[in-house]
Every structure is written in structure tokens, then in C-alpha cells.
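Q: First the structure, which I've put down as C-alpha cells, then a few questions once you've had a look.
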Amino acid sequence: MQSLLPVRRHVSLRAFNTFGIDAAADTYLHVTDLGMLEQARRDPVLSNMPRLVLGGGSNLLLTGDFPGLVLHMGLPGIAIVGRTAEAVQVRAAAGESWHALVQWTLAQGFGGLENLSLIPGSVGACPIQNIGAYGAEVGNLIDAVRYFDWNTGDIITLDRAGCAFGYRDSIFKHGLRNRAIILDVTFGLPLQWRPNLQYVELANELAHPASARVENPHPGALETPLVPQADQDRPSDEPDAAAISRAVIAIRSRKLPDPARIGNAGSFFKNPVVTGVQRDALVTDWPALVSFAQPDGSYKLAAGWLIDRCGWKGRSMGAAGVYEKQALVLINRGNASGVEILHLAQAIQADVQARFGVMLESEPVIV
0 MQSLLPVRRH VSLRAFNTFG IDAAADTYLH VTDLGMLEQA RRDPVLSNMP RLVLGGGSNL
60 LLTGDFPGLV LHMGLPGIAI VGRTAEAVQV RAAAGESWHA LVQWTLAQGF GGLENLSLIP
120 GSVGACPIQN IGAYGAEVGN LIDAVRYFDW NTGDIITLDR AGCAFGYRDS IFKHGLRNRA
180 IILDVTFGLP LQWRPNLQYV ELANELAHPA SARVENPHPG ALETPLVPQA DQDRPSDEPD
240 AAAISRAVIA IRSRKLPDPA RIGNAGSFFK NPVVTGVQRD ALVTDWPALV SFAQPDGSYK
300 LAAGWLIDRC GWKGRSMGAA GVYEKQALVL INRGNASGVE ILHLAQAIQA DVQARFGVML
360 ESEPVIV
């Protein structure tokens with residue numbers, strides 16, 4: 000029996016991934032309501048296909064055509080759903096643009112998400128990766144995630160603890176991988192908002208005009224922490240959330256290429272975490288090593304610094320390259336294939352491993 004869903008065959012995904020990789024989906028469905036997911040799950044043909052859930056395509060590397068069903072999430076809607084003395088609850092559907100949501104909350108006068116401005120992608124992807132930037136992680140502001148369980152057909156809500164958030168990590172990358180399809184996310188935004196200015200670039204952007212900005216002392220790091228923000232407790236001088244958002248947008252616009260012009264997925268590698276012993280050994284050979292102490296005694300290393308010291312910034316392999324302004328960012332210089340970009344990433348990983356004894360982990364989902 001033929002499906003009544005608006006399924007399309009052999010659809011190019013080039014416009015749906017920020018790397019601009021020209022791969023195709025064997026079967027494609029743009030999902031705009033829950034009923035479409037339920038119907039697809041019941042369909043005897045669609046339900047047995049390999050499955051890829053696609054949002055904004057900003058954390059994805061396609062290494063070839065996808066031989067199955069691509070569910071492109073387009074669920075719409077943003078609404079205020081609750082309020083307490085401490086916070087306002089905002090629920091956003093999975094298909095909404097992440098940056099558009101941030102700007103919507105600011106327009107309503109709610110702070111909390113401003114440090115995460117201009118991160119590409121959709122709302123539905125944000126809890127999977129636990130997106131973070133400039134001292135903020137989205138998991139700290141998520142109250143609940145509602146998802147469709149493809150295995151059972153149930154609709155389930157997880158609270159923050161149930162999401163098991165970690166550094167660029169969550170339960171959706173592990174126990175619920177290939178099972179949970181996120182429908183919407185509820186955020187708890189604090190009414191007693193205070194600015195998060197613990198990163199040097201952000202503090203500089205707010206304090207100095209562009210012509211007199213203090214240079215980043217650690218150019219290999221995408222974000223460089225400042226010492227504790229307790230000394231910044233001067234409410235009369237504090238910027239508002241909208242000003243912080245504008246500063247973040249300015250920084251990201253300078254550092255990262257616009258995917259509409261240069262194909263990329265933002266930071267391709269995670270900052271590796273090493274023990275104190277490992278870090279001390281590295282500092283012996285590399286005194287300028289950029290590292291950030293973590294609460295548990297470990298150290299996070301600036302992956303961009305490691306890559307830069309291996310001489311990769313600005314280099315290319317075929318049409319795949321490393322961005323001239325930020326070594327963490329791999330780019331499509333024209334018509335690179337996903338395989339070309341993957342081979343470049345693997346060459347970088349091998350060089351960093353050989354020189355520093357550290358294995359870099361990629362951030363994007365590689366399909």
C-alpha cells in the first residue's frame with residue numbers, strides 16, 4: 000500500500016547541510032507535525048528503512064548518499080508555557096531556528112541564552128550536543144525535552160537530570176541514539192538574570208571599541224576564559240542580555256565563516272580533556288600550551304592551538320581545507336565531497352596524535 004505521506008525520492012541534501020555536501024537522500028520527508036512521524040512509523044516500508052533525523056544540518060558530515068529515510072524536522076512554534084518566582088518557561092519546537100529562538104527570548108526581555116547567539120542549527124539539535132559557547136551550556140537552562148520514541152511510538156518527557164548532559168554530550172548520543180526524535184524543548188530562563196562574562200573575548204568586545212580591542216592572548220582557542228567573574232560584581236556597569244548577544248554575534252562573525260558563503264560545520268573537533276599529569280608533561284615540551292583547569296582536576300586543551308602548532312591552519316587537501324582564521328574549523332572550498340573532508344580530519348587527528356599524544360574527537364555526526 001502506497002504511503003499517503005508527502006514522501007519524495009532521490010532528494011539532494013546540499014541545501015540542508017551547512018558543509019554544502021552534495022549528497023542525496025533515497026527517501027525524504029519534511030516533518031511538520033507529530034502525526035507525520037506516527038504515520039511514518041506505522042508504514043511497513045518507511046519503518047524498515049535506515050533512518051536519519053535532520054535538523055539544520057549544522058553538525059553533520061555526509062560522506063555519501065543516504066540509502067534510507069531522511070526525516071527533516073520542521074515542527075514549528077515558540078511559546079511561554081509557565082512562570083515561577085525564579086524563572087519563565089519557554090517551549091520551542093524542534094524545527095525552530097536556534098538563533099531565532101535566542102533573539103525571540105531577548106525580544107521578550109528574557110536573558111539566559113544570549114551567550115549562545117548565532118550558533119547555527121535547530122532547537123531540536125541543541126540538547127543532543129548540549130551546545131555551548133562563551134561560558135554557557137544549554138543543558139543548564141533546559142527544564143525538559145519531549146521526544147517521540149521510534150521503537151515504541153510513545154511520547155516521553157525527560158527532565159534535565161534524565162538528559163544526562165555533559166561536555167557536548169547527552170543521553171541522546173548514547174542510550175537514546177537512533178531511537179529518540181526530539182519534538183520540543185522547554186527552557187527555564189532566570190528572572191533574576193546576571194551576565195556571564197567569564198570569557199576574555201566577550202569581556203573585551205563589551206569593554207573596547209573594535210579599533211582598540213585587546214588581542215586574544217590565546218589565538219589557538221576559540222573561546223578563552225577569564226579569571227573568576229566575582230570581581231565583575233558591579234551591577235550598574237553590567238551590560239544587558241541584548242548587548243551580550245550583539246557582542247557574541249560580532250565575535251562569531253569575525254572568527255567563523257558564514258556557511259552561506261563557505262561550507263562548514265563550525266568547530267569540527269572537541270577540546271580534548273587530559274589529566275593533570277598529562278598536561279604537566281605536555282607543558283614541559285610546550286610551555287605555551289593553552290589549557291584550562293576543570294573542577295575535577297583535569298585540564299581542557301585548546302584543540303585549535305594543537306592543530307595550529309601542527310601547521311594545518313590555512314592548508315587544504317583537495318577542495319577541503321582548514322579555515323585561515325580558526326584552525327578548529329574545516330571548510331568546503333568549493334565542491335568538496337564528504338569523504339575529502341573526512342580524510343582531512345583524519346590527517347589532522349594523526350598529526351596531533353603523533354606530536355602531542357592526544358587524540359582529537361570530532362564534533363559533527365559523520366554519516
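In this text, residue positions in the sequence shown follow numbering that gives the first Met the number 0: the first is 0, and each later residue adds one.
A virtual CB, placed ideally from N, CA and C, is assigned to each residue, including glycine.
In this text the structure is predicted, and so the values were computed from the model without any measurement.
#1: Whose C-beta lies closer than 8 Å to the C-beta of E360 among residues of the same chain, with five residues either side of it excluded?
#2: How big is the Cα-Cα spacing for P363 and L53?
#3: Counting only the same chain and skipping the five closest in sequence on each side, list residues whose C-beta sits under 7 Å from that of Y133.
#4: If you run the structure through DSSP and keep just helix, strand and coil, what is L61?
#5: Starting from F147, trace the beta strand (DSSP E) both ways and give me its first and last residue.
#6: Does DSSP put P75 in a helix, a strand or coil?
#7: Just verifying my parser: in three-state terms, what is the DSSP assignment at D153?
#8: Thinking just about the alpha-carbon of each residue, which of S266, L61, A301 is nearest to the one in A24?
#9: Tell me, please, which residues DSSP counts as bridged to L188.
#10: Just list the residues that DSSP pairs I330 with in beta bridges.
#11: Under 9 Å, do P189 and E339 count as touching if we go by C-beta distance?
#12: Under 8 Å by Cβ, that's how I've got P258 and V328 pegged, so tell me the actual separation to the nearest angstrom.
#13: Under 7 Å Cβ to Cβ from C125, same chain only, skipping five residues before and after it: list those, please.
#14: From the DSSP output, in three-state form, read off E362 for me.
#15: Residue range of the beta strand (DSSP E) that V30 falls in?
#16: Applying the 10 Å Cβ sphere with the 16-neighbour rule, what's the burial state of E204?
#17: Does the pairing of the segment 280-294 with the segment 310-322 give three or more beta-carbon distances under 8 Å?
#18: Under the three-state reduction of DSSP, which class applies to L250: helix, strand or coil?
#19: Just to confirm the assignment, what range does the alpha helix (DSSP H) spanning F355 have?
#20: Could you tell me the distance, in whole angstroms, from the CA atom of F355 to the CA atom of A301?
#21: Does the contact criterion of 3 or more C-beta pairs under 8 Å hold for the segment 145-164 versus the segment 95-112?
#22: Distance check for L140 and G63, CA to CA, integer angstroms please.
#23: By a C-beta neighbour count over all protein chains shown, 10 Å radius and 16 as the cutoff for buried, is G187 buried or exposed?
#24: DSSP on R50, reduced to helix/strand/coil?
#25: DSSP state of L300, grouped into three classes?
#26: Of all the options R332, L196, T156, L175, which has the alpha carbon lying nearest to the alpha carbon of A242?
#27: Check each candidate in A179, G161, P66, L45 and name the one with the smallest Cα separation from G123.
#28: Rounded to a whole number of angstroms, what is the C-alpha to C-alpha distance between A406 and L343?
#29: Among residues of its own chain, excluding the 5 on either side of A368, which ones have a beta-carbon nearer than 7 Å to its beta-carbon?
A: Considering the structure as presented:
#1: In the sequence shown, the residue the question calls residue 360 occupies position 361. Here the set comprises F268, K269, P271.
#2: As a first step, residue 363 must be located in the sequence shown, where it is residue number 364. As a first step, residue 53 must be located in the sequence shown, where it is residue number 54. Roughly 12 Å separates the two Cα atoms.
#3: Start at 1 with the first residue of the sequence shown, and residue 133 comes out as number 134. Within the same chain, Y133 has close Cβ partners N114, Y198, L201, E222, V247.
#4: Sequence index remark: in the sequence shown, residue 61 carries index 62 (1-based). In this structure, L61 counts as coil in the three-state DSSP scheme.
#5: Locating residue 147 in the sequence shown gives position 148, counting from the first residue. Note, F147: beta strand (DSSP E), 141-148.
#6: As a first step, residue 75 is located in the sequence shown; it is residue number 76 there, counting from the start. Here P75 sits in coil by DSSP.
#7: Translated into the one-based positions of the sequence shown, residue 153 becomes position 154. The answer is coil: DSSP assigns D153 none of H, G, I, E or B.
#8: Here residue 24 refers to the residue found at position 25 when the sequence shown is read from its first residue. Nearest C-alpha to A24: L61.
#9: Here residue 188 is taken as the residue at index 189 of the sequence shown, counted from 1. Answer is V87.
#10: Sequence index remark: in the sequence shown, residue 330 carries index 331 (1-based). Answer by DSSP bridge pairing, in chain order: N263, G320.
#11: Walking along the sequence shown from the start, residue 189 turns up at place 190. Walking along the sequence shown from the start, residue 339 turns up at place 340. No, Cβ-Cβ distance for P189 and E339 is not below 9 Å.
#12: The count along the sequence shown starts at 1 and reaches residue 258 at position 259. The count along the sequence shown starts at 1 and reaches residue 328 at position 329. P258 to V328, Cβ: 10 Å. No contact.
#13: Stepping through the sequence shown from its first residue, residue 125 is reached at position 126. Cβ within range, chain order: W97, V137, V184.
#14: If you number the sequence shown from 1, residue 362 lands on position 363. It is coil, neither helix nor strand.
#15: Against the sequence shown, residue 30 aligns to sequence position 31. It spans 23-30 - the beta strand (DSSP E) in which V30 sits, taken as one unbroken run.
#16: Along the sequence shown, one-based indexing puts residue 204 at 205. Taking every protein chain shown into account, the CB of E204 has 16 or more other CB atoms within 10 angstroms, so this residue is buried.
#17: No, the segment 280-294 does not touch the segment 310-322.
#18: As a position in the sequence shown, residue 250 is number 251, starting the count at 1. Going by the sequence as given, residue 250 is Ile instead of Leu. Three-state DSSP puts I250 in a helix.
#19: For the purposes of this step, residue 355 is identified with residue 356 of the sequence shown, where counting begins at 1. F355 -> alpha helix (DSSP H) spans 337-355.
#20: By 1-based counting over the sequence shown, the position of residue 355 is 356. By 1-based counting over the sequence shown, the position of residue 301 is 302. About 12 Å.
#21: These segments do not touch.
#22: Within the sequence shown, residue 63 is the residue found at index 64, counting from 1. Within the sequence shown, residue 140 is the residue found at index 141, counting from 1. Roughly 36 Å between the two C-alpha positions.
#23: What you label residue 187 is simply residue 188 of the sequence shown in a count that begins at 1. Within 10 angstroms of the beta-carbon of G187 lie 16 or more other beta-carbons, which makes it buried.
#24: The residue given as residue 50 occupies position 51 in the sequence shown. If DSSP states are grouped into helix, strand and coil, R50 belongs with the strands.
#25: On the sequence shown, position 301 is the one that residue 300 refers to. If DSSP states are grouped into helix, strand and coil, L300 belongs with the strands.
#26: Numbered from 1 along the sequence shown, position 243 holds the residue referred to as residue 242. Selected option, being the one with the closest Cα: L196.
#27: As a first step, residue 123 is located in the sequence shown; it is residue number 124 there, counting from the start. G123 has its Cα closest to that of A179, out of A179, G161, P66, L45.
#28: An answer regarding residue 406 cannot be provided, because it is not within the stretch 0 to 366 covered by the chain.
#29: Residue coverage of the chain in this structure runs from 0 to 366, which leaves residue 368 outside it and unanswerable.
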